[in-house]
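Okay, structure first, notes after.
Residue numbers (my numbering), protein chains in the order written: chain P, 1 to 286; chain G, 1001 to 1286.
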């Protein structure tokens, strides 16, 4: 497709993990020259071997050549960028990020840079780190942006066009609505799934634990999957999306109460009614 | 393999749904003559078309020819067998079942039949009904038996040998431990997953609901899968495994409390510790 608002050929990517590395691979294929930044020289070496960018450096100053920069760091680091990084970013460059919670990122970055666009490409694999990047990671996946009144419309359009050329589905949302939504469909599931694993872990009867382990099947594996994921990711979503998650957990607890009430009152027709609704909800939602 | 305790050639299967139909297909292949019983003539017709058994009838009296009988009905019907069925079973036949909760089944069937063996083949697909039966459903899947002091050892050995010839993994357990274990790894996940769907369903902000729906991905799909399953199955597990599920839900609530406490106290190091443990638990358990 023709790009209406094309950045110059040089694009910077800060962080070459799953998201940053995948961006590097796809954007090179689209004809851009990629300047990749890693924290450690050892990682830079591996990124060069994997050809995640044409230029890989541990020194952010190479970003001076770039008119579009992706901050593809973990959430905590997006929220606490080094001054070396801030100072290296040209004032007229478009800067965007990949963090999963947008309100705190906008609060930080609107002050740091005039042409910041808050992005959340929603994709992933179980992999992370410099070996995780892969081609076509963004294809047919949502690329959510959360502009606010300070967002530069031209900058937004540049991020838009590139995300389309990566094959993403562009979705624009209020920042607060975005954070509530990811709290509901991504962060809440992590906690309720982890609580299931914690329940198993603290089961005190050894014979019960052993049998449960030998007969657990796909239902348990699916329900516990996201709760067994990266603990640092779990902590950072809880920390930076705390208020939304607290609200969703309160709603979840209310739903759980309904099930417990049915069990205590042996109200099987009410339980049936709820389960008919949840079955229908999943068919609608997924 | 050579069967040490072989039943005669005639095997009865009461109910030709997913489990009963699959048993019919595999057991015919092993050389047995199968007498299948369905409730309605229309289902019998379909079962004949699908060749789920050589003889398909709605009249249980054909079971008089069988020395081994599988009761492959839904849990509620296993617990409330018709007198026509009970009267048709030869007193010296081995009878086994496929229900997912064993204590109430033993309480019922130990009184009804002298050679009853309580079984729980742990396998399944999303399908059900007369069109669901398939070959090799039991291969490499647990076949749990829960003998008690009234169990006839020869009858148990016959069920054992056939389950091995179906390719199942034979697991013997105390009935109470079995019911606690399925409560933990199968019934509890259904309720916590359904509660997630109920939380979504009762979300009151339309813009949040719409965005959540458009960005929900595999994490949400996996965590909500079993909660969106067959409502009748959910009700029957709750009804007949009530006490165990109540106990597990109480433990689960305690685990959820720990996560909420971390959020309210902003205790991120404690949250990290719990999530490191749940990550490890899943790696051990699955």
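Glycine included, C-beta positions come from ideal geometry on N, C-alpha and C.
All of these numbers come straight from a predicted model, not from anything done at the bench.
When burial is assigned at 16 or more other CB atoms within 10 Å of the CB, is residue i buried or exposed?
i	result
residue 1114(G)	exposed
residue 254(P)	exposed
residue 170(P)	exposed
residue 1086(G)	exposed
residue 53(P)	buried
residue 31(P)	exposed
residue 107(P)	exposed
residue 132(P)	buried
residue 1040(G)	exposed
residue 112(P)	exposed
residue 1091(G)	exposed
residue 1207(G)	exposed
residue 1002(G)	Per-residue confidence for residue 1002(G) stands at a pLDDT of 43, beneath the threshold of 50, marking its modelled position as unreliable; the derived number appears in the next sentence. It counts as exposed.
residue 1204(G)	exposed
residue 1125(G)	exposed
residue 4(P)	Low per-residue confidence applies at residue 4(P): pLDDT is 48, beneath 50, and the placement is therefore not dependable enough to give any value.
residue 1096(G)	buried
residue 100(P)	buried
residue 13(P)	buried
residue 1160(G)	buried
residue 1173(G)	buried
residue 139(P)	exposed
residue 281(P)	buried
residue 210(P)	exposed
residue 1238(G)	buried
residue 242(P)	buried
Residues of chain G with CB under 7 Å from residue i, in chain order?
i	result
residue 200(P)	1184, 1281 and 1285
residue 177(P)	1207, 1208 and 1211
Along the chain, where does the beta strand (DSSP E) containing residue i start, and where does it finish?
i	result
residue 169(P)	169–172
residue 269(P)	Per DSSP, residue 269(P) belongs to no beta strand (DSSP E); it is in the alpha helix (DSSP H), 268–285.
residue 1068(G)	1068–1071
residue 130(P)	Taken as a continuous stretch (DSSP letters only), residue 130(P) belongs to no beta strand (DSSP E), as it is neither H nor E.
residue 56(P)	55–57
residue 142(P)	142–145
Check the Cβ of residue i against every Cβ in chain P and list those closer than 8 Å, keeping chain order.
i	result
residue 1191(G)	256 and 259
residue 1203(G)	184 and 251
residue 1196(G)	188, 189, 192, 252 and 255
residue 1248(G)	199
Please report the residue range of the alpha helix (DSSP H) in which residue i lies.
i	result
residue 175(P)	175–182
residue 1078(G)	1075–1079
residue 1163(G)	1153–1165
Give the interface partners of residue i over in chain G, defined as CB-CB distance under 8 Å, in chain order.
i	result
residue 160(P)	Within 8 Å Cβ-Cβ: nothing; residue 160(P) doesn't reach chain G, min ~17 Å.
residue 181(P)	1208, 1211, 1212 and 1215
residue 245(P)	1263
Residue i touches chain G at which residues, Cβ-Cβ below 9 Å?
i	result
residue 105(P)	Near residue 105(P) there are no residues of chain G at all, since even the closest Cβ is about 17 Å away, more than 9 Å.
residue 171(P)	1211, 1214 and 1215
residue 166(P)	What residue 166(P) touches in chain G: nothing, since even the nearest Cβ is about 16 Å away.
residue 271(P)	1231, 1234, 1235, 1238 and 1239
Identify the contact partners of residue i in chain P, using a Cβ-Cβ distance below 7 Å as the criterion.
i	result
residue 1276(G)	231
residue 1242(G)	263
May I have a chain-ordered list of the beta strand (DSSP E) segments no shorter than 3 residues that lie completely inside the region 83–126 of chain P?
94–97 and 119–121
Entirely enclosed alpha helix (DSSP H) segments - the region 1003–1047 of chain G, minimum 4 residues:
1018–1029
Residues of the region 138–158 of chain P with Cβ closer than 7 Å to any Cβ of chain G, in chain order:
142 and 144
In chain order, what residues of the region 1213–1225 of chain G put their CB closer than 7 Å to some CB of chain P?
Residues 1213, 1214, 1215, 1216, 1217, 1219, 1220, 1221, 1222, 1223, 1224 and 1225.
Taking a cut of 8 Å between CB atoms, which residues from the region 256–267 of chain P lie near chain G?
Of all residues in the region 256–267 of chain P, 256, 258, 259, 260, 262, 263, 264 and 266 have a Cβ within less than 8 Å of some Cβ in chain G.
Listed in chain order, which residues of the region 1028–1048 of chain G have Cβ atoms closer than 7 Å to some Cβ of chain P?
none
Could you run through the region 50–78 of chain P and flag, in chain order, every residue whose CB is less than 8 Å away from some CB of chain G?
none
In chain order, which continuous runs of the alpha helix (DSSP H) of length 4 or greater are located wholly inside the region 1184–1256 of chain G?
1188–1201, 1206–1215, 1218–1224 and 1231–1240
Compile a chain-ordered list of the residues in the region 226–237 of chain P whose CB is closer than 8 Å to at least one CB of chain G.
Residues 226, 227, 228, 229, 230, 231, 232, 234 and 235.
Closer than 7 Å, Cβ to Cβ, to anything on chain P: give me those residues from the region 1092–1123 of chain G, in chain order.
1122
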